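Trainee: Before we start, here is the structure in question, set down as structure tokens.
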Amino acid sequence: MSSTWRPSTRPRTRLEGPVSCSHHNYVAEERYEGMDLLVTRKGAIRAGSGDFGIIPGSMGTGSYIVKGLGNPASFNSASHGAGRKMSRNAAKRRFSTKDLEEQTRGVECRKDSGVVDEIPGAYKPIEKVMEQQRDLVEVVAKLKQVICVKG
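Now the structure itself:
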């Protein structure tokens, strides 16, 4: 990435508080219908009423800043991200570094064989995932992917 990169516009969204990107695999003590429970969230975030969170897409798509709606039917939870539509090994067999370059065009990121399993084509469309959980979260902002850092 060029050291002179600057965003082209200022953010138009002002957040009312911090956005939690806490672990998406954890256990929390919570109370539902008068019972103290241990709620395990695997690939999920807490989406209690007013809770801010981030729901990322793949390394080539956007992410969403959301505010939880506090839906008790989901134990105040929402998905952590787009979710895979194929395994890491299947993605490595199906896609090449050329595919990765094409699917992440315009995004500053690694484009080598070490991250082919993270190719956008291996994930569900984030827009569809967000539509399916509109009863769990309110979208506050959609973020455009510019840089993606993978270990």
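The sequence shown begins at -9 in the working numbering and counts up by one. For every residue, glycine included, the Cβ atom is placed at its ideal position computed from N, Cα and C. Here the structure is a predicted model, which means the values were calculated and not measured.
Express the C-alpha separation of MET25 and SER(-8) in angstroms, rounding to a whole number.
Mentor: Here residue -8 is taken as the residue at index 2 of the sequence shown, counted from 1. Here residue 25 is taken as the residue at index 35 of the sequence shown, counted from 1. With a pLDDT of 45 at SER(-8), under the threshold of 50, the modelled position of this residue cannot be trusted, and the question is left open.
Trainee: Since VAL127 is in the alpha helix (DSSP H), which residue starts that stretch and which ends it?
Mentor: Reading the sequence shown from its first residue, position 137 is the one you call residue 127. From DSSP, VAL127 is part of no alpha helix (DSSP H) but of the beta strand (DSSP E) over 127 to 133.
Trainee: Should GLN122 go down as buried or exposed, given a rule of 16 or more other Cβ atoms within 10 Å for buried?
Mentor: Position 132 of the sequence shown, counted from the start, is the residue given in the question as residue 122. Exposed.
Trainee: By Cβ distance, which residues of its chain are closer than 7 Å to LYS82, with the 5 residues on each side in sequence left out?
Mentor: The sequence position of residue 82 within the sequence shown is 92, counting from 1. Closer than 7 Å at Cβ, skipping near neighbours: VAL106 and ASP107.
Trainee: By the 10 Å Cβ neighbour count, where 16 or more other Cβ atoms means buried, how is LYS101 classified, buried or exposed?
Mentor: As a first step, residue 101 is located in the sequence shown; it is residue number 111 there, counting from the start. Buried.
Trainee: Considering only the alpha carbon of each residue, which of TYR16, GLU98 and PHE85 lies closest to TYR113?
Mentor: Start at 1 with the first residue of the sequence shown, and residue 113 comes out as number 123. The candidate whose alpha carbon is nearest that of TYR113 is PHE85.
Trainee: From LYS134 to ARG78, what does the alpha carbon distance come to, in whole angstroms?
Mentor: Looking up residue 134 in the sequence shown gives position 144. Looking up residue 78 in the sequence shown gives position 88. If I take the Cα positions, the gap works out to 24 Å.
Trainee: Could you compute how far the alpha carbon of ILE55 sits from the alpha carbon of ASP89?
Mentor: Position 65 of the sequence shown, counted from the first residue, corresponds to residue 55. Position 99 of the sequence shown, counted from the first residue, corresponds to residue 89. Computed Cα separation, rounded: 28 Å.
Trainee: In whole angstroms, what separates the C-alpha of GLY38 from that of CYS99?
Mentor: As a position in the sequence shown, residue 38 is number 48, starting the count at 1. As a position in the sequence shown, residue 99 is number 109, starting the count at 1. Roughly 33 Å between the two C-alpha positions.
Trainee: Since THR87 contacts PRO110 with CB under 8 Å, what's their CB separation in whole angstroms?
Mentor: Here residue 87 corresponds to residue number 97 of the sequence shown, with the count starting at 1. Here residue 110 corresponds to residue number 120 of the sequence shown, with the count starting at 1. Going by Cβ atoms, the distance from THR87 to PRO110 rounds to 14 Å, so no, they are not a contact pair.
Trainee: List the whole-angstrom C-beta distance separating GLY47 from ILE35, where the pair is believed to meet the contact cut-off of C-beta under 8 Å.
Mentor: To locate residue 47, count along the sequence shown from 1; it is residue 57. To locate residue 35, count along the sequence shown from 1; it is residue 45. Not a contact, Cβ separation roughly 14 Å.
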